[in-house]
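In the numbering used here, the protein residues as written are 1 to 87. Reviewing the structure listed below.
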Ligand SMILES: [Zn+2]
Ligand SMILES: [Zn+2]
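Following this line, the structure appears as structure tokens:
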């Protein structure tokens with residue numbers, strides 16, 4: 001049963017992480033297969049990923065995640081920083 005609060009019909013560019021429609025142009029860098037967040041450019045993915053990493057370091061300062069270096073390339077990023085789902 002579709003939830004009445006969900007967009008209907010479901011637009012192809014709906015991001016579940018942010019609850020909004022995000023434009024899916026021809027020149028976008030990557031789209032998350034789980035939450036469909038649109039990364040307009042590689043720099044956006046890197047920025048969001050590194051911001052999430054910084055939050056992780058704050059929360060788990062004693063764990064292995066604290067050792068993870070910031071990503072400098074989209075190729076190093078294997079999961080969506082918004083829903084933590086693997087690409
Ligand atoms: Zn995602
Ligand atoms: Zn989004």
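Just so you know, even glycine gets a beta-carbon here, dropped at the ideal spot from N, CA and C.
- Leaving aside the five residues that flank residue 78 on each side, the residues in its chain whose CB is nearer than 7 Å to its CB run, in chain order, 86, 87.
- The secondary-structure analysis by DSSP pairs residue 15 across a beta bridge with 20.
- The Cβ atoms of residue 69 and residue 49 lie no closer than 8 Å to each other.
- Relative to the non-hydrogen atoms of ligand 2, the Cβ of residue 82 comes within a distance shorter than 7 Å of at least one.
- Ligand 1 has a heavy atom closer than 7 Å to the beta-carbon of residue 17.
- Each residue's CA atom was taken as its position, placing residue 13 and residue 67 some 35 Å apart.
- Taking 8 Å as the upper bound for CB-CB distance, residue 45 and residue 36 are not in contact here, some 14 Å apart.
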